[in-house]
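Okay, so the sequence shown: first residue is 78 according to this note's numbering, each after it adds one.
We treat Cβ as the ideally placed atom computed from N, Cα and C, and that holds for glycine.
See below for the structure under consideration.
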Amino acid sequence: MKMDKEKLKKINEETQLIHKEYVVQIADRVIGRVVDFINQTMYKEIGKTMSFSWADRPYFRAYAHCETPERHHVVISYGLAIELYRDAFVLSKLAHVHFCEPKYAGIFGKLSADREGVLPPGANEHQCKMLMFETTLEWVFFHELAHLAQGHLEIREQRAPTGSVGRVEEMLADGSEPLQGVAALISHVTEIAADVEGFTTYIQYRYLATRGKIPYAVVYMMVCGLTCLFNRFFGQSGDHFDPVPRGSHPNPAARWELLFQTIYGYFLDARVRGRIPDWEYSQEELIAQLTEASTLANMYWRIRYLEERGDLPSFMRVAKVDSPEVRSYLREIVATLDEVTPDIKRLYIFPIRPSLPVFTSAWRERLREA
Ligand SMILES: [Zn+2]
C-alpha cells in the first residue's frame, strides 16, 4: 500500500512554492472577520473586547490570555497559518489524484462526476483546499475563545499550577517537560471541553455569517483539518493507546471520538433539523460521512508524516471504547470533567449554558467495564 515515492516527492516540492505572504494575507482576513464577529455580537453583549495579534514565529503556536477581565487576547503564529495551508494543499491534492486509485475503493463511497477524486461533492480541489484552510483556522480561534469563555485559565491555575500563569498555550516549542499527573489530566479535560464549546460556537458563526448556508464540503473539509490539527498537537503518536493522561493534549483519536459525537449530535438536534439542508442525514449516514472525512485526513497524515508505519485500521481504531486502555483513560477524563463542570458553569462568561460533552448513560455504563 506504499505511496509512489516520486509522486509524494513532487507534491512536497510544490509546497515549497507556496507564497507565504499570500497565505498570511488570507489568514489575516479570515481571522479579522472572526474577531469582528465576536466583538460585534457575543462580546458586545457582555461588555468585553477581543483582540488578536500574530506571532512572527515559523513554528506552530496559539494561545489565549486575559489582559484584564474585560480584555481578552488571542495570539496565533504565522507558522501555524502556513502549516495549516500546507496540510490543506497536500491533502486536497492527494484526495484528487491518489486516493481515488482502485486499491482505496470502499473507503470513500461512490466516486461521481461532481467529485474531484475522493473530495466531497460540490467543490473542486482548489475550493476544498481553501475551505480546509479557512475552517481550521477559524476553528482554532473559536477553540481559544472557548478556553477563555469557560474559565479554563482559572481552572488550570487552581488545580494544577504549572507556572505558565494566565495563559492557555496550545503547543510549547521551548522543550519544557511534558505535563504529568493532575496537570496533564486537567489539561486534557479542558482541551476536550474547548473542542466541544469551540465547535458549537464555530458552527453558529458559520451559520450566521453565511445566512444559514453550510454546504456539505464545509463540514467535510473542516473535519479533515481538525483531524490533522489533533495529530499535530499530539506530536509523535503510535498505535498504542496510553491509558494515563500525559502531555498537554489528548491522543488525537480520543479527541476525535469525543468531538465526533458532538458534531453528529448537533446535526441531529431538533433545533437544527431542517435549517441546514446539506447536512440533513440520519445518524448512520452522519457517522459514515464524518468518519470518511476523518479517515481521509488520517490516511494523508500517515503518508506524509509517519512514513506509512503501522497499518491504518489499528491507527484509526486506537481510541474505540472496546479497548480496556481507552475505557480506563475515559473513566478518569469523564470523572474529572464531571468534577470541574460546576466551576465551568460558574466561570462561564456568556449568559447561556456552556457547551460540554454529553455522555449518554449507556456510554457511561460501558466505561465502567474493566
Ligand atoms: Zn486548547
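| Query | Result |
| --- | --- |
| 8 Å Cβ cutoff met for Leu-208 and Met-298 | yes |
| Between the CA atoms of Lys-97 and Asp-105 - distance to the nearest angstrom | 12 Å |
| Best match in Thr-145, Ala-237, Gln-281 for proximity to His-265 [C-alpha to C-alpha] | Ala-237 |
| Given Val-321 as reference, the closest of Ser-405, Tyr-279, Asn-375 once Cα atoms are compared | Ser-405 |
| For His-28, the three-state DSSP class (helix, strand or coil) | For residue 28 there is no data in the structure shown, the boundaries of the chain being 78 and 447. |
| Three-way DSSP call (helix, strand, coil) for Ser-371 in this model | helix |
| Where Trp-440 sits in the DSSP three-state scheme | helix |
| Buried versus exposed call for Trp-440 [16 or more other C-beta atoms within 10 Å across all chains shown] | exposed |
| Reference Arg-288; option with closest CA among Pro-354, Ala-139, Phe-311 | Pro-354 |
| Ligand 1 heavy atom lying under 7 Å from the CB of Ala-271 | yes |
| Buried/exposed call for Pro-431, threshold 16 Cβ in 10 Å | buried |
| Given Leu-168 as reference, the closest of Arg-332, Leu-306, Val-435, Arg-352 once Cα atoms are compared | Leu-306 |
| For Leu-433 and Leu-407, the rounded distance between their alpha carbons | 15 Å |
| Per-residue burial, Ala-172 [other beta carbons within 10 Å of its own, 16 or more giving buried] | buried |
| Span separating the alpha-carbon of Asn-308 from that of Thr-278 | 22 Å |
| Those runs of the beta strand (DSSP E) which lie wholly inside the region 81-143 and span at least 3 residues | 126-132, 139-143 |
| Rounded separation between Pro-411 and Gly-109 - CA only | For the sequence presented, residue 411 should be read as Val rather than Pro. For Val-411 and Gly-109, the distance between alpha carbons rounds to 35 Å. |
| Local conformation of Pro-390 per DSSP, three classes | Its pLDDT being 49, under 50, Pro-390 is placed unreliably in this model, and the value from its coordinates should be taken loosely. DSSP places Pro-390 in helix when its eight states are reduced to three. |
| Closest residue to Cys-301 among Ala-330, Glu-231, Ala-447, Arg-445 (Cα-Cα distance) | Ala-330 |
| Three CB pairs or more closer than 8 Å across the region 184-191 and the region 365-376 | yes |
| Three-pair Cβ contact test at 8 Å for the region 340-352 versus the region 140-158 | no |
| Neighbourhood of Arg-333 by C-beta distance below 8 Å, restricted to the same chain and skipping five residues each side | Arg is not the amino acid found at residue 333; the sequence shown has Trp there. Closer than 8 Å at the Cβ level, and outside the excluded window around Trp-333, lie Leu-303, Thr-304, Phe-307, Ser-371, Ala-396. |
| Residues sharing a beta bridge with Ser-432, DSSP | Note: Ser-432 sits in no beta bridge, so no partner. |
| Secondary structure of Arg-332, DSSP reduced to three states | helix |
| Top-ranked residue by Cα proximity to His-175, from Ala-158, Glu-193, Arg-163, Glu-160 | Glu-193 |
| Check: Glu-247 C-beta below 7 Å from any heavy atom of ligand 1 | yes |
| Proximity test, Glu-268 beta-carbon vs ligand 1 heavy atom, cut-off 7 Å | yes |
| Distance between Ala-261 and Gly-453 (C-alpha atoms, nearest Å) | Nothing can be reported for residue 453: it is not among the residues displayed for the chain, which extend from 78 to 447. |
| Val-435 burial status per 10 Å Cβ neighbour count (16 or more: buried) | exposed |
| Cβ-Cβ distance between Thr-92 and Phe-166 below 8 Å | yes |
| For Ser-154, the residue or residues it bridges with in DSSP | Ala-132 |
| C-beta atoms of Lys-125 and His-149 nearer than 8 Å | yes |
| Alpha helix (DSSP H) segment containing Glu-246, residue limits | Premise fails: Glu-246 lies in the beta strand (DSSP E), 244-246, not in any alpha helix (DSSP H). |
| Three-way DSSP call (helix, strand, coil) for His-149 in this model | strand |
| Assumed close pair Gly-243, Leu-230 - CB separation to whole angstroms, cut-off 8 Å | 6 Å |
| Whether Ala-286 touches Pro-197 by CB criterion (8 Å) | no |
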